[in-house]
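*Asks:* Chains as they are written, first to last, in UniProt numbering: chain A, 1 to 325; chain B, 1 to 306; chain C, 1 to 457. Ideal placement from N, C-alpha and C gives every residue a C-beta, glycine not left out. These numbers were taken from a predicted model, which means no experiment stands behind them.
#1: Kindly indicate which residue of B:65, B:48, B:32, B:42 has the alpha-carbon position closest to the one of residue 269 (chain B).
#2: Beta-carbon separation of residue 34 (chain A) and residue 210 (chain B) under 7 Å?
#3: Give me, in chain order, the residues of the same chain whose beta-carbon lies closer than 8 Å to that of residue 325 (chain C); leave out the 5 immediate sequence neighbours on both sides.
#4: Quick check on residue 291 (chain B): does DSSP put it in helix, strand or coil?
#5: Is it buried or exposed for residue 210 (chain C), if we count other Cβ within 10 angstroms and need 16 for buried?
#6: How long is the line joining the alpha carbons of residue 67 (chain A) and residue 232 (chain A), rounded to whole angstroms?
#7: Going by other Cβ atoms of all chains shown within 10 Å of its Cβ, with 16 needed for buried, is residue 371 (chain C) buried or exposed?
#8: Where does residue 347 (chain C) fall in DSSP's three states?
#9: Could you tell me whether any Cβ in chain C is nearer than 7 Å to the Cβ of residue 82 (chain A)?
#10: Indicate whether at least one CB of chain C lies closer than 7 Å to the CB of residue 267 (chain A).
#11: So, for residue 170 (chain B): in the same chain, excluding its five sequence neighbours on each side, which residues have a beta-carbon less than 7 Å away from its beta-carbon?
#12: With a threshold of 8 Å on Cβ separation, who are the neighbours of residue 142 (chain C) within its own chain once the five nearest residues in sequence on each side are excluded?
#13: Does the pairing of the stretch 275-286 of chain A with the stretch 188-199 of chain A give three or more beta-carbon distances under 8 Å?
#14: Are any of the Cβ atoms in chain C nearer than 7 Å to that of residue 93 (chain A)?
#15: Between the Cα of residue 112 (chain C) and the Cα atoms of B:132, B:226, B:96, B:161, which residue gives the shortest distance?
#16: For residue 58 (chain C), which residues of its own chain have a beta-carbon under 8 Å away from its beta-carbon, when the five flanking residues on both sides are left out?
#17: Express the C-alpha separation of residue 209 (chain A) and residue 7 (chain B) in angstroms, rounding to a whole number.
#18: For chain A, find out if any of its Cβ atoms is closer than 7 Å to the Cβ of residue 66 (chain C); answer yes or no.
#19: For the stretch 262-279 of chain C against the stretch 228-235 of chain C, are there 3 or more C-beta pairs whose distance is under 8 Å?
#20: What does a CB cutoff of less than 7 Å around residue 448 (chain C) pick up in its chain, not counting 5 residues either side in sequence?
#21: Just checking my contact of residue 314 (chain C) with residue 152 (chain C) at CB under 8 Å: how many whole Å lie between their CB atoms?
#22: Judging by CA-CA distance, which residue of A:257, A:58, A:218, A:138 is the nearest neighbour of residue 243 (chain A)?
#23: Since residue 413 (chain C) sits in a beta bridge, which residues does DSSP pair it with?
#24: Less than 7 Å between CB atoms is the rule here; does residue 59 (chain C) satisfy it with respect to chain B?
#25: Taking residue 61 (chain A) as the reference, give the member of B:260, B:257, B:182, B:139 with the closest Cα.
#26: Let's see if you can read the secondary structure: which residues bound the beta strand (DSSP E) around residue 170 (chain C)?
#27: Select from C:434, C:303, C:331, C:453 the residue whose C-alpha is nearest the C-alpha of residue 174 (chain C).
#28: Could you check if residue 128 (chain A) is buried or exposed, using at least 16 other CB atoms within 10 Å of its CB as the buried criterion?
#29: Please state the DSSP three-state secondary structure of residue 161 (chain C).
#30: Would you give the residue range spanned by the beta strand (DSSP E) that residue 97 (chain C) belongs to?
#31: Who are residue 181 (chain C)'s beta bridge partners in DSSP?
#32: Given a threshold of 16 other Cβ atoms within 10 Å of its Cβ, counted over all protein chains shown, does residue 258 (chain C) qualify as buried or as exposed?
#33: At a Cβ threshold of 7 Å, is residue 291 (chain A) touching chain C?
#34: Using the Cα positions of residue 254 (chain A) and residue 172 (chain C), report the straight-line distance between them to the nearest angstrom.
#35: Report the three-state DSSP secondary structure of residue 377 (chain C) (helix, strand or coil).
#36: Mark residue 40 (chain B) as exposed unless 16 or more other C-beta atoms lie within 10 angstroms of its C-beta, in which case mark it buried.
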């Protein structure tokens, strides 16, 4: 059961065995929990949370703590070097470019994606073929980052303005149609970073649109009616009714996209390999750890990622508290 | 909170509502033709990249190299050769039906396990009282940011020690673990929505936590579970990193690993990359299109609450 | 990931070109299914298997050896095919796992205690890191004896770490090649240059006709920049000599020494020269955004005349392109400063074992024999070995024969690709990155200083 399955039937059997085993564990937990009568929250909570806490401690917490420890070690993880890796990140011009690019990513992506998603949600609301129109926008969500990178690299493809060579990348063809010279789009910094961000926006706008559109539809009709009777115009309706009502949804969307953006490295990897000043922290972490054999610095970069998420976490906690109050 | 609106607990109003919604009246400001035009422009912008590559995947190698896909409309010439090249086992050196099965076998438990665990945990966080509840919840939320790459080595060491390396168990366990923080965050938001009166009523009837969970919560939770299930399905199906480390061996490697070895080495061989990309996205896109209704309803739930 | 150099590139090149060949073949004549598109010749050409050379390995029935390598489709097919007689005669099963993310994954697996029995390691630098995990095994005495017999001392040295011999050489490639169109040369009366000065004269001559003589591309995903390092290494060897090169690779001379400046500036006379580049592809900067696979194809298009790239580039041309001295495209040896100096830059991969079971040892030993090298030669295209027992006549592709001749030339001074031997922080990171920056406009001094600064203390 715990060996490598090789034939089709073995694989399927093993899968069902795993599901059954898991179901048995859950069943046991529920059975024991069911024996506790009354309000013995503590014991039951321990049972409900036990497997989760165990898995997270082993699978995420321990590696995370280990990484923090390693960030104070040298390239080969043999000697303690204090904050040197962090000093490198904050002083080396290349690493500063990485920080700058990460800032671009995390400041631009969530807001543009959410903005576009919201605009589109409003535009197609109650329109004919609304669900088809929405499908077009959220389709990119189901595409892997690597495939998305392939798709967009093709969009940005460059052919020189020589002889009868024709453009094969759509963006450059547009530039040519508009009378411009074809550009090597992915080479010029910092424009190239924004062209990569466009890919992430392309993927995430569908997510934003889906959630926000649903939130808009959930606004109770009587509020809208009341506002209308008060003579509120369309813009006022958006500003004073829609926006406040969907604010929590907007926060969840921005949070989720921001965290996703900080972690993304496949797009950069696929499209520029981090060259031409396009690297971001997640990509630089990968390259320092696995390619450059500089594990200490790689670990420090990962820790910087944790640190960058803290404000997002804190903001969400405050929202949580306020909503509970 | 600025939210003046007393929100209903029903997550989503049905689309069929006849009355003008807030968005619709906001839209009315932009006179309708302009709004439609803007919508069409956005839709076209979002569709062109995929569409262009789709067309390209049916063009001949020569055509792809020499002209843009938009020229196909004046000079149509299509071929299935690119797909043949990607799917041909002799060419690919891999058995795609086999890796397709591997993908399925990997994905199904990796969706079910975290869903069950997360709903139990989310329930505990929402409706139980125990010391350190808030701290633990915040800690789990924050774990979302641990980059998966830092976990690979320690986990593999563990799997080797348990002697389950090179089996599906490695993938099931690691994907389930990685999914938990986001799953708990989203499901917790949903479960909190359930009116306390419902829970209280059940309690007064003498129901314990187990029966409350099954009788009261689970039915309400279905859309949220479906939504997260789809999310997790897409993530596991599209994942390359985890399977590369734990399940690289040909016998158990999934579609993504095989396709990456097949197309990833081809530089700018667009004829293969385009066809390969479409082979790899066909399943997630289909699943997504079929189940998107649930996705919308479930994800929303957590967010409506202010 | 392509941390690995040479061999992974050859694989990449092969992958594209051979499949291109197949697709073209299919569209050209839909009913001829057996055009052998995966770069192999049918197994039947191996002839009936004679088990005599294999008896020494004994009976290994029921045993298994696992291989982990970056050699993926379609180059893995001839690899697997070449083990067939060994498997049939000894009864052993070879389990082959090809993965293009091999370089990072093999380290993770080795460190986690989950290594394969045998790994094909394409870089001496990576080999050292793998040995440093403490999981690798020294090569058995029989393998070492065969390597002494079949390979030069330099090749044995690449597989040696801290005085202990670990890994026997497997395949090899020659990087000091310039691709050209024999037809264009005949039509215009150009001759193959035999000195660097002649190469310059030839370039000027072509440039005078209004054609950009050179085409180049260094884009290669996250390994972008590597072809530039080969250019610089080739010129370092030529302008400063092999001894200076050895010191440079070992960092006994700093990376930003005058020798480096000389070499990089010499490359600049070609690659940063608007009159010379980038035929059919754009301006100098377009070198950075053109993939190495695409660049040389401009020779076929007639848009450029010369392209410096390793022997494995042969596989990048499609099936309809004849690669031969009298064909559409061929290569000449990138000449030295004078006609009698013949430094050769090249690469290869090495067989590192993580287990010392008898069947693993037997397999290692088998791969070091000339029996295997010749069997592999017969089924491969775009593959050579530094094995002295390799019969050049067994090689199928003319470019492989040329490479083998260059490798076996007693006057040639072979040197392994320097960036493969430098520490990873330089050889697989700073060198690539800075070389790319250099192409997009950074000056020589800043480039060399930055690489020197990246050298681990």
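*Replies:* Let me lay it out:
#1: Residue 269 (chain B) has its Cα closest to that of B:65, out of B:65, B:48, B:32, B:42.
#2: Residue 210 (chain B) sits close to residue 34 (chain A), with the two beta carbons spaced by under 7 Å.
#3: 182, 398
#4: helix
#5: exposed
#6: 55 Å
#7: buried
#8: In this structure, residue 347 (chain C) counts as strand in the three-state DSSP scheme.
#9: no
#10: It does not: the Cβ of residue 267 (chain A) has no partner Cβ on chain C nearer than 7 Å.
#11: 159, 164, 246, 247
#12: 361, 365
#13: yes
#14: no
#15: B:161
#16: 90, 358, 362
#17: Residue confidence for residue 7 (chain B) is low, a pLDDT of 32 falling below 50, so the modelled location carries little weight; the figure read from the coordinates is stated next. The alpha-carbon atoms of residue 7 (chain B) and residue 209 (chain A) are separated by roughly 20 Å.
#18: no
#19: yes
#20: The beta carbon of residue 448 (chain C) is closer than 7 Å to those of 255, 256, 260, 261, 264 in its chain, skipping five residues each way along the sequence.
#21: At roughly 24 Å, the Cβ-Cβ gap does not stay under 8 Å, so residue 314 (chain C) and residue 152 (chain C) are not in contact.
#22: A:218
#23: When beta bridges are read from the DSSP output, residue 413 (chain C) appears opposite C:343.
#24: no
#25: B:139
#26: 168-174
#27: C:331
#28: exposed
#29: strand
#30: If you look at residue 97 (chain C), you'll find it in the beta strand (DSSP E) that goes 93-98.
#31: Its beta-bridge partners do not exist; DSSP assigns none.
#32: Result: exposed.
#33: yes
#34: 52 Å
#35: helix
#36: By the neighbour-count definition (other C-beta atoms within 10 Å, threshold 16), residue 40 (chain B) is an exposed residue.
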